[in-house]
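J.: Okay, here's the structure, questions in a sec.
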Amino acid sequence: MAAIAGLVVVGVLALLIMESSAVDEAYYASHAETMRSIDTARSDVITVYEGASAAFQEGRFTPVTMSTALSRLDDTLLALQSPADPADVETVSSPEIDALASALVDFRTEVERYTARQNALAQALRRLQEESPEVVKELRRFDLRLQSQNAFTLAIDVIEFATGQSAADAESLQTRIETLRSDREIDSRAPGLLDDFASAAETVLTEHDNARAALENLSVDEMDGVLATLSATLQSANQRTVNRAERSRILLAICALVLLGGTGYAMWRLQTSYQELNESNAELEKSNDSLEERVASRTEELKAAYDEISESQVQLVQAEKMSSLGELVAGISHEINTPLYYLSNNTTVVQDRMEAVSEFCTIAETMIAAVQSKQSVKDAVFKGLTDMQKMFRDGLREDVDEAKDLMQDSLDGLDDLMELAQSLKDFSRLDRAKHGQLNVNDGLEKTLLITKNKLKYNVTVHKHFGEVPKINCSPSQINQVFLNLITNAADAITESGEIVIHTWSEDDKVCVSIADTGCGIPEEILAKVRDPFFTTKEVGKGTGLGLSIVDRIVSAHNGELRIESERDKGTIITVVLPIGELGTGTDAENDSDIDVSDIDDLSVGTG
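Going by our numbering, the first residue of the sequence shown is number 5, and it counts up by one from there.
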C-alpha cells in the first residue's frame, strides 16, 4: 500500500510539474512570435492597399512591395496552419484558420484583379506617351499646326487625368478624342495618322475607370477584421494556459509543503536512531585515536622517503647535464683529432721525402769538396750531375712539391685547431664577463664551429647573415642561447634535413631566426615547451630545462622568444634582442651560473 501511495504521489507531482512548466520562456517566445506575425499581417494588408492606392494615383505599375506583402501573408497563414510548436495547435481553432484562409483568397483575388487593371492602365499610359510625340511631329510636318497643338494638349490632359493631376472628366476627354479623330483636314492630308494615338488615349480612359472600380472593390476591412478576431482568440487562449499553469504551481507548492512535513517527521524518527549510532561511534573514536597516531608516524616516514627521492632526482638531473656536456666534448675531441691525424701523416711523408733531399745535399757537398781539393773537377762534377739527374728522374722535384703541399695542409690544420681552441676559450669563460658587446653573427659562427661534429653527418646549415650592429648583453649567456637552440634543432632532425639561420636588424632590435626541417612540435603541447622539466625526449636524453633556460635568458635581456612550429614540417624559433643596455632586473646576472651542459636539455623536438 505504501508503494502504491508513493506512486500516486509521484504521478500527481509529475502531472503538476508538467502543467506548471508548460508556460516557460519558450512558450512566451512562441506566443509573442505568433502575435508579431499577426500584427505584421495586418501591416502587410495596409501595405498592399497603400501600394495599390499610390500606383493608381501616380498612374504607374503596381510596386514590388505589394507582391512581397502578399507573400508574407501567405507565410503567416502557413505558419498558423503548421506551427513549429505543437502546443500552439490548441490555441487556434480550425474555423478561425479557415476564415483567415478564405478572407486571404478573396483579398488576393481582388488584389490580382486590381493589379491587372492598374498594370494595363500603366501600359496604356506608356503607349500614349510613346505615340503622342510622333503624332505631334507628323502633324507639324503636314503643316497642321492647330491640330498638332490640340493633339499635344489632349495627350497632356489624358495623362494628367490618369495620374490624378487634372480635374477634367473622362466624358469631356472622350469628346475631344472624337473631335480630333473626325477632323477632315487630317483625314485629307494624313489619313489614319491618329488611329493609334486615339486608341491609346481611349484605352487610358477605359483602363482608368476599370482600375478605379477594382481599387474601390479592394477593401481591407474584412482581412483586418479576421486578423483582429484571430488575435483576440490567441490572447484569450494564452490567458487560459497561463491561468492553468499558475493553478498547477500553487498545487505543487502545497504538495511540497506536505512532503516537507512528512520529511520532518521522518527526520525526527531518524534522530532516535542516530543517538544510538553516536554511542557506538564514541567507542570507535577511541580506537581511531591510536590508529591516527600510527598513521601520523607512517606519514612522517613517507615524507622523509619522498624528500630522499626528490634529492635523488636532483642528482639525476645534474648527472644527465654532465652527460650532455660529455657528449659535446667528445664531438669537439673528434674535431681536434682529425687535423692532428693529418699533421701526423703529413709529417711522416715529409720526413720520408727529406731523405732524398738529404741525399741531394750529400752529392752537392761531395762535388764542392772535390773542387776544393783540386781533384779532377770534371769527373766529380760529371758524377755528381749524373747522380742528380738520376734523382730527378726518380721524382725529386715531385717529392719537394709534395712536401710543400703537405706543409701547407699542415698549416691549414693548425689554423683550424687555433680557431677551434679560440672558440673553446671563449665558451670556457662563459660566465666571467657579465656585460659586454657581442655581434650575433660572430657568436653564431663560434657556436656552429663547436657543434660542427654534431651537425656534419645529417644536417645542412644555410647561413643568411645580415649586417647587424653589436648588442649590449651578457655574451656568455647569448652564446649559450645559440648553442641550446642549434643543438636542439639538430636533435629534431632524425635522418637528414636543413637548419636555416637568418640574422637581421629592425628598429632598435637585432633578430636571430633558427629554422629546422625536423619533426616539429605538436600543437597541443606548444604552450608547455617553456615550462621547466617539460620534455618529449626519451628518458635519459633531456631534463626539460633547455628551452626554459633560453626563455629566462632572453627575458632577462628584455628580449622576446617566438616559437612557430608545425608537426612533421619543422620549427622556427626567433630571438629578438634589444641593442641598448640590459634591463634593470637581476635575472641576467643571476643566470651566470647556467653552464653549457644545458645545451642538450631543450625539452622539445624543435623540428
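All C-beta atoms in this analysis are idealised placements derived from N, C-alpha and C, irrespective of residue type, glycine included.
These figures come from a predicted structure and were not determined experimentally.
(1) Could you tell me whether the Cβ atoms of Val-109 and Leu-74 are closer together than 8 angstroms?
(2) So does the stretch 487-504 actually touch the stretch 514-530, counting three or more Cβ pairs closer than 8 angstroms?
(3) Using only the alpha-carbon positions, how far apart do Leu-209 and Asn-154 sit?
(4) Report the partner residues of Lys-467 according to the DSSP bridge assignment.
(5) Just confirm the distance between the C-beta atoms of Asp-161 and Leu-177, as a whole number of angstroms; I'd bet it's less than 8 angstroms.
(6) Under 8 angstroms by Cβ, that's how I've got Asn-476 and Gln-441 pegged, so tell me the actual separation to the nearest angstrom.
(7) Less than 8 angstroms separating the beta-carbons of Ile-577 and Leu-489?
(8) On the DSSP bridge assignment, give the partners of Pro-582 in chain order.
(9) Please go through the same chain and pick out, in chain order, the residues whose beta-carbon is closer than 6 angstroms to the beta-carbon of Asn-443, but skip the five residues on each side of it.
(10) Enumerate in chain order the residues of its own chain whose CB-to-CB distance from His-466 is below 8 angstroms, with the five nearest sequence positions on each side excluded.
(11) Please give the ranges of any alpha helix (DSSP H) in the stretch 134-222, keeping only runs that are unbroken, at least 4 residues long and fully inside the region.
(12) Please state the DSSP three-state secondary structure of Glu-499.
(13) Would you identify the three-state DSSP class for Ile-525, choosing helix, strand or coil?
(14) For the candidate residues Glu-189, Asn-214, Pro-137 and Leu-148, whose alpha-carbon lies nearest to that of Ala-174?
(15) Whose C-alpha, out of Ala-103, Thr-352 and Arg-112, is nearest the C-alpha of Arg-76?
(16) Mind checking whether Met-411 and Val-354 have CB atoms under 8 angstroms apart?
(17) State the start and end residues of the unbroken alpha helix (DSSP H) segment that holds Gly-447.
(18) Does the separation of the CB atoms of Ala-204 and Glu-135 fall below 8 angstroms?
(19) Output yes or no for whether 8 angstroms exceeds the beta carbon distance between Ala-166 and Leu-222.
(20) Given this structure, state the Cα-to-Cα distance separating Val-246 from Gly-15, to the nearest angstrom.
(21) Taking Asp-512 and Ile-583 to be in contact with their CB atoms under 8 angstroms, please state how far apart those CB atoms are, rounded to whole angstroms.
(22) Span of the beta strand (DSSP E) holding Arg-566?
(23) Tell me the DSSP secondary structure of Asn-476 in three-state form.
(24) What is the rounded straight-line gap between the Cα of Asn-492 and the Cα of His-561?
(25) Looking at C-alpha atoms only, which residue of Arg-571, Pro-99, Val-579 and Ser-559 is the closest neighbour of Thr-233?
(26) Per DSSP, which one or two residues make a beta bridge with Ala-519?
(27) Can you tell me whether Pro-479 is buried or exposed, with buried defined as 16 or more other CB within 10 angstroms of its CB?
(28) Quick one: what's got a C-beta closer than 8 angstroms to Leu-143's C-beta in the same chain, skipping five residues either side?
(29) Based on DSSP bridge pairs, tell me the residues matched to Gly-440.
(30) Give the single residue among Gln-122, Leu-261 and His-468 whose Cα lies nearest to the Cα of His-212.
(31) Excluding sequence positions up to five away, which residues of its chain have a Cβ less than 6 angstroms from the Cβ of Val-516?
(32) Could you say which of Val-299, Leu-125 and Val-533 lies nearest to Arg-216 if we only look at CA atoms?
(33) Please name the residue in Leu-581, Ile-529, Leu-219 and Ser-277 whose C-alpha comes closest to that of Thr-119.
(34) Can Arg-180 and Leu-158 be called in contact, C-beta distance under 8 angstroms?
T.: Per the coordinate set shown:
(1) no
(2) yes
(3) Near 18 angstroms, if we compare the C-alpha coordinates of Asn-154 and Leu-209.
(4) According to DSSP, Lys-467 bridges with Ile-505.
(5) 6 angstroms
(6) 6 angstroms
(7) yes
(8) Lys-513
(9) Lys-474
(10) Glu-502, Ile-503, Val-504 and Ile-505
(11) 149-166, 174-185, 188-193 and 199-221
(12) Taken through DSSP and simplified to helix, strand or coil, Glu-499 comes out as coil.
(13) coil
(14) Asn-214
(15) Arg-112
(16) Closer than 8 angstroms, so yes.
(17) 444-454
(18) Cβ distance < 8 angstroms, so Ala-204 and Glu-135 count as in contact.
(19) no
(20) 22 angstroms
(21) 5 angstroms
(22) 564-570
(23) In the structure shown, Asn-476 sits in a strand (DSSP, three-state: E or B).
(24) C-alpha separation (whole angstroms): 21 angstroms.
(25) Pro-99
(26) According to DSSP, Ala-519 bridges with Val-504 and Ile-576.
(27) buried
(28) Correct list, in chain order: Arg-149, Gln-151, Ser-152, Ala-155, Ile-190, Ala-194 and Leu-197.
(29) Cys-477
(30) Comparing Cα-Cα distances from His-212 to each of Gln-122, Leu-261 and His-468, the minimum goes to Gln-122.
(31) Counting only residues of its own chain and dropping the five nearest sequence neighbours on each side, Val-516 has a CB closer than 6 angstroms to the CB of Val-444, Thr-507 and Val-579.
(32) Leu-125
(33) Leu-219
(34) yes
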